[in-house]
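Trainee: Residue numbers (our numbering), protein chains in the order written: chain Z, 15 to 270; chain U, 179 to 600.
Each residue gets a CB set at the ideal place from its N, CA and C atoms; glycine is no exception.
Below is a structure I'd like to ask you about.
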Amino acid sequence: MLRIRNLHVAIDGKPILKGVDLDVGSGEVHAIMGPNGSGKSTLAQVLAGRGGYEVTEGSIVFRDHGNLFLLPPEERARAGLFLAFQYPVEVPGVANVQFLRAALNAQRRARGEPDMDAFDFLEFVKAKLALLEMDTGFLYRSLNEGFSGGEKKRNEIMQMAVLEPTLAILDETDSGLDIDALKVVAHGVNALRSPDRSIILVTHYQRLLDYIVPDRVHVLADGRIVRSGDRELALELEDKGYGWLGEPEPEGRPQP
Amino acid sequence: MNATALFDAVDTATVPDWLTGTRKAALDRFMAAGLPDAHAEDWKHTSLQHLAQAELHPPPSTIGEAVCPDVTAYPGHVLLFQNGLLSCHGTYLSNQIAGTLHHLGDTRPVHDYLGHVADANALANLNLALWQDGARLYVPAGERLAMPIFAVYAASAPDAMLHPRTLAVLEREAEAVLVEHYLGQTHRPYWQNAVSEIVLGDGARLTHIMVMEEGPQSTHTRTTAVRMGRDSDYRALHVGLSGLLGRHDLAVMMDDPGGQVRIDAADLAAGRRHADLHLRVDHRAERGTSRITYRGLADGRGQAVFDGRVVVAHGANQTDARQDSKGLLLSRQAEIDVMPRLEIHADDVNCGHGASVGQLDHAALFYLRSRGIGEAEAQRLLIEGFMAGTLGLLDEVHLRAWLMPNLQAALARREAKEHGHG
């Protein structure tokens, strides 16, 4: 599904990612954890194709689309990649429903499918709203404008439900959510898990992983993946914090 | 523009008889003042000097081949003027209520108000001297016209100088929707110099939509003057879509208490278009409210100018006046000048304004693209979103479906033009 090799990324000449390797298979859920400033969000943004990042080395191959760097953001999305933003952008004057339909139809056209008309789209999107426990009023508000932090995050997952990506990257989707909202969002994400949809959860805290259980956990620190493991690794991080990560692998030195 | 031609034009404009003296006096005032020049404070951003050199002439006084577009495209009553003269009459309303200034009979409101409402600026004087025809709307007290009245002013004669004139009088508690649609049908230069006079009786309500969709080499100047009665309600939407130069002076006078004014304006200045909107709202009595919302968009070498002046006179207490003006720059050579002005001479008022000029939000653009929306469509969505704040009135009078295709076509032309220039 996704293969990242030796990825180096800099911003304004300052290296942020310093050789990331990552393989995500079909249907797998991977968590990428790490302290603030470790490069987690940079990785998410580079995958989605945001400008302003210099990729100085390495490659990303997504499905059969070859090198991801050759594709502009809209083509990555049409190829099935989705980023749930850490800070969803407010777009005044563009109704949520108008935006969602434009996005879905742009993707359908790219697949050679006909546009979904307004009536069919409304039926389709109502089911997705229900999944996230959102009322139809959300559809007619300006995109993210005046939404609370929790509403924005729900709206991101709602978009994921509408667009049905093959690879979803959730960037700090848990931040700013109270426990009830977290459960709703996690329920939505779990409902979207399927054997042909992979998910990357980028998160600072292991709390989210209580609700969305990952297959693999990676720790990103100072621009590199320094440790990979199963769910236990997340619990260990919860216990010890990120401080010990600078130390060599525990197996590599005598236990005190 | 030569003086002899102007005097000849006044001599041939014989209707109605009782106006002949007024016409001549108005032309004398225009000749004395001349076209506005850049030394006048109000005209420092906009020059009409090209009109002084242009060989413009009054249009033929009879209709040649009338181009009667599909009037069914207008969801309401239609009075269509082609090169200054009535060419299509699509209304079952009585002539007393909706007709033309040319066939005014002895309609009292025309005698009372024509030429008395519009501020006697040079351009309004020239129109008063030379107008040939235009829409006349009169709504008797307490009556409400269910459907909008469309006054369409189409220009197809190259190098013509047209002076369309509109008069709308709503008596006490009357209600109507008036749409003025200026439509260019030639790629050659021409000049439409319009005047609209609006008189609202006590408690009357007018929704007034003005759409400027002029030809690419045209000059459009217009003066709109509104006189408001006690507790009356004036809601206006100005939409400037095309034309080489557009200048609109809109002045609202509130001499009586409790008036409510809402003016929304969207101006699109693409290519080399220059779009200038000057508003003036005079609060001269208590309890008046005004809401002004402006969105100007400039692309290519276009320039958008907005001057919003609200004057609260001494004693006009409990005035509530707000202005919100924003500009969106889409190219490096484009320019936007936004000038909100508040002059307050009363003590007990609630007034404010906000103004800003910015560019397309790159974060928003990336956000839309990250969902699969192509760059051009994402830009279009953001531009429509930017303008959306001024288009709400369309929903209230059910005219969104009528106007949006024209607006979207203008945006598509903008896109083609800018991409065409590389």
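When DSSP labels each residue in this structure, what does residue 270 of chain Z get in the three-state scheme?
Mentor: Residue placement at residue 270 of chain Z is poorly supported in this model, since its pLDDT is 41, which falls under 50; the coordinates still yield a value, given next. Coil.
Trainee: Helix, strand or coil, according to DSSP, for residue 395 of chain U in the structure here?
Mentor: coil
Trainee: Answer yes or no: does any C-beta atom of chain Z fall closer than 8 Å to that of residue 503 of chain U?
Mentor: no
Trainee: Could you check if residue 528 of chain U is buried or exposed, using at least 16 other CB atoms within 10 Å of its CB as the buried criterion?
Mentor: exposed
Trainee: Run through DSSP, which three-state label would residue 217 of chain Z get?
Mentor: It is a strand residue.
Trainee: For residue 454 of chain U and residue 532 of chain U, I'd like the C-alpha separation in whole angstroms.
Mentor: 19 Å
Trainee: Would a check of beta-carbon distances place residue 27 of chain Z closer than 8 Å to chain U?
Mentor: no
Trainee: Straight-line CA distance for residue 251 of chain U to residue 332 of chain U?
Mentor: 14 Å
Trainee: What residue ranges within the stretch 119-152 of chain Z form continuous alpha helix (DSSP H) runs of no fewer than 4 residues, ordered along the chain?
Mentor: Counting whole runs of 4 or more residues, the stretch 119-152 of chain Z contains the alpha helix (DSSP H) stretches 132-145.
Trainee: Strictly under 8 Å for the Cβ-Cβ distance: is residue 121 of chain Z near chain U by that measure?
Mentor: Yes, contact with chain U.
Trainee: Name, going along the chain, the residues of the stretch 153-178 of chain Z whose beta-carbon falls closer than 7 Å to a beta-carbon of chain U.
Mentor: For the stretch 153-178 of chain Z, which is checked against every Cβ of chain U, the residues closer than 7 Å are 173, 177.
Trainee: Take residue 269 of chain U as the anchor and find which of U:315, U:207, U:202 has the nearest alpha-carbon.
Mentor: U:315
Trainee: Going along chain U, which residues have a C-beta under 9 Å from residue 91 of chain Z?
Mentor: Annotation: Cβ neighbours of residue 91 of chain Z in chain U (cutoff 9 Å, chain order): 547, 548, 549, 550, 551.
Trainee: At least one CB of chain U closer than 8 Å to the CB of residue 76 of chain Z: is that the case?
Mentor: no
Trainee: I need the straight-line Cα distance from residue 182 of chain U to residue 191 of chain U, nearest angstrom please.
Mentor: 14 Å
Trainee: Which residues, in chain order, does the stretch 36-55 of chain Z contribute to contact with chain U at a C-beta distance below 8 Å?
Mentor: none
Trainee: Tell me which same chain residues have a C-beta within less than 6 Å of the C-beta of residue 68 of chain Z, skipping the five on either side of it?
Mentor: The answer, listed in chain order, is 24.
Trainee: Under 8 Å by Cβ, that's how I've got residue 358 of chain U and residue 344 of chain U pegged, so tell me the actual separation to the nearest angstrom.
Mentor: 6 Å
Trainee: Counting only beta-carbon atoms, is residue 477 of chain U nearer than 8 Å to chain Z?
Mentor: no
Trainee: Just to make sure I have the definition right: I need the residues of chain Z whose C-beta is within less than 7 Å of the C-beta of residue 574 of chain U. Which are they?
Mentor: Neighbours of residue 574 of chain U on chain Z: none; closest Cβ ~16 Å, over 7 Å.
Trainee: In or out: residue 150 of chain Z buried (at least 16 other Cβ within 10 Å) or exposed?
Mentor: exposed
Trainee: Suppose only complete runs of 4+ residues qualify. What are the alpha helix (DSSP H) ranges in the stretch 281-308 of chain U, listed by chain order?
Mentor: Those alpha helix (DSSP H) runs which fall completely within the stretch 281-308 of chain U and span 4+ residues are 286-291, 300-308.
Trainee: Tell me whether the beta-carbon of residue 401 of chain U lies closer than 8 Å to the beta-carbon of residue 355 of chain U.
Mentor: Taking a C-beta distance under 8 Å as the contact criterion, residue 401 of chain U and residue 355 of chain U do not qualify as a contact pair.
Trainee: Hey, does residue 106 of chain Z have any beta-carbon neighbour from chain U nearer than 8 Å?
Mentor: Yes, contact with chain U.
Trainee: Would you mind sorting residue 34 of chain Z into buried or exposed? The rule is 16 or more other CB atoms within 10 Å of its CB.
Mentor: By the neighbour-count rule (16 or more Cβ atoms within 10 Å), residue 34 of chain Z is buried.
Trainee: Rounded to the nearest angstrom, what separates residue 262 of chain Z and residue 243 of chain Z at their Cα positions?
Mentor: Note that residue 262 of chain Z scores 46 on pLDDT, short of 50, meaning its location in the model is unreliable; the coordinates nonetheless yield the value given after this. Taking the straight line joining both Cα atoms gives about 15 Å.
Trainee: Say the cut is 7 Å; is the CB of residue 298 of chain U nearer than that to a heavy atom of the ligand SAM?
Mentor: This structure lacks the ligand SAM; in fact it carries no ligand of any kind.
Trainee: When you compare each of U:392, U:440, U:376 to residue 421 of chain U by their alpha carbons, which one comes out closest?
Mentor: U:392
Trainee: Just mark residue 399 of chain U as buried or exposed, buried being the case when its beta carbon has 16 or more other beta carbons within 10 Å.
Mentor: buried
Trainee: Thinking C-alpha only, which one of U:309, U:313, U:330 is nearest residue 273 of chain U?
Mentor: Of the candidates U:309, U:313, U:330, the one whose C-alpha sits nearest the C-alpha of residue 273 of chain U is U:313.
Trainee: Would you tell me roughly how many angstroms separate the C-alpha atoms of residue 462 of chain U and residue 161 of chain Z, rounded to the nearest one?
Mentor: One alpha carbon belongs to residue 462 of chain U, the other to residue 161 of chain Z, and they sit about 40 Å apart.
Trainee: For residue 44 of chain Z, I'd like the list of residues in its chain whose CB is within less than 8 Å of its CB, leaving aside the five on either flank, ordered along the chain.
Mentor: 36, 38, 212, 213, 214, 215, 228, 229, 230, 231, 232
Trainee: The stretch 561-586 of chain U: which residues have C-beta closer than 8 Å to a C-beta of chain Z, in chain order?
Mentor: 562, 563, 564, 565, 566, 567
Trainee: Do you know offhand how far residue 119 of chain Z's Cα is from residue 259 of chain U's?
Mentor: Straight-line Cα distance between these residues: approximately 42 Å.
Trainee: Report the residue ranges of all alpha helix (DSSP H) runs contained in full by the stretch 405-474 of chain U; include only those spanning at least 4 residues, in chain order.
Mentor: Within the stretch 405-474 of chain U, no run of alpha helix (DSSP H) at least 4 residues long lies entirely inside it.
Trainee: Would you mind listing the beta strand (DSSP E) stretches within the stretch 50-110 of chain Z that are 3+ residues and don't spill past its ends, in chain order?
Mentor: 68-76, 95-98, 105-109
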